[in-house]
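Following: one structure in structure tokens, then a few remarks.
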Amino acid sequence: MRVSTSQLQQLTIFTTLLTGAGIGTMYYLLQKKFVESDYHRLALQKLESCPVAMESLGAPPLKVHNIHLTDRNNRIDQHTAQIKIPVTGSQTGGYLYTSSIQDPDTNRWNLKQAVLKLREGQTIDLLNPPPVSTELTEGLDSGRWH
Numbered sequence: 009m010r011v012s013t014s015q016l017q018q019l020t021i022f023t024t025l026l027t028g029a030g031i032g033t034m035y036y037l038l039q040k041k042f043v044e045s046d047y048h049r050l051a052l053q054k055l056e057s058c059p060v061a062m063e064s065l066g067a068p069p070l071k072v073h074n075i076h077l078t079d080r081n082n083r084i085d086q087h088t089a090q091i092k093i094p095v096t097g098s099q100t101g102g103y104l105y106t107s108s109i110q111d112p113d114t115n116r117w118n119l120k121q122a123v124l125k126l127r128e129g130q131t132i133d134l135l136n137p138p139p140v141s142t143e144l145t146e147g148l149d150s151g152r153w154h
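With this note's numbering, the residue at position 85 of the sequence shown is 93, and numbering never jumps.
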């Protein structure tokens, strides 16, 4: 049985589209799994509760971007999760480096490290945040950063 060149081209295009759709679906599902995980949620809650970090980013609004799946800083196994979350605000952006451990008795995730590294080189330890400056405190009291 002979197959024409046009049929081979059509088969190639169909296979390419099908493969692309499969890869796109897998990428979407992996990102969704990260975002819905407790270790991801805990890290973002810690970031959002730190006024110094939020002001440094120029947030709100805070944008959380997709995790780079090929980044070696992202490692998850059954009881540990280490992820690097890209975040941006209106002033700058950076990465939220986190490390979490799952308690074997309760199956709950506990945040062990949460460090925001900004593009400019500033590092903020969210588990031991720096004191809030007077200017920031006044801004919070006056409602400018709510």
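Glycine is no exception: its CB is placed at the ideal position from the N, C-alpha and C atoms.
None of the values given here were measured: they were computed from a predicted structure.
Other residues of its chain near residue i: CB distance less than 6 Å, five sequence neighbours each side excluded
| i | result |
| --- | --- |
| Q15 | none |
| Q39 | N74 |
| C58 | L134 and P137 |
Sequence-distant residues of the same chain with beta carbon closer than 8 Å to residue i, five excluded per side
| i | result |
| --- | --- |
| P69 | G97 and S98 |
| Q53 | none |
Nearest neighbour of residue i, chosen from the options [CA to CA]
| i | options | result |
| --- | --- | --- |
| F42 | K92, E56 and T23 | K92 |
| R116 | S12, Y103, I21 and H48 | H48 |
| Q110 | K125, A122 and I84 | I84 |
| G66 | G101, V72 and Q86 | G101 |
| P112 | Q86, T106, L124 and S45 | Q86 |
Coarse secondary structure for residue i, derived from DSSP in three states
| i | result |
| --- | --- |
| S98 | coil |
| I21 | helix |
| V140 | coil |
| I187 | The displayed coordinates of the chain run from 9 to 154. Any statement about residue 187 would go beyond what the structure contains. |
| Q121 | strand |
| S108 | strand |
Residue i versus residue j - alpha carbon distance
| i | j | result |
| --- | --- | --- |
| S64 | P138 | 12 Å |
| L50 | R127 | 23 Å |
| L19 | T88 | 43 Å |
| R10 | A29 | 29 Å |
| V72 | L104 | 10 Å |
| L25 | E56 | 40 Å |
Alpha helix (DSSP H) segment containing residue i, residue limits
| i | result |
| --- | --- |
| Q53 | D46 to E56 |
Cut-off 7 Å between Cβ atoms - residues of its own chain near residue i, not counting five sequence neighbours on either side
| i | result |
| --- | --- |
| K120 | S107, S108 and I109 |
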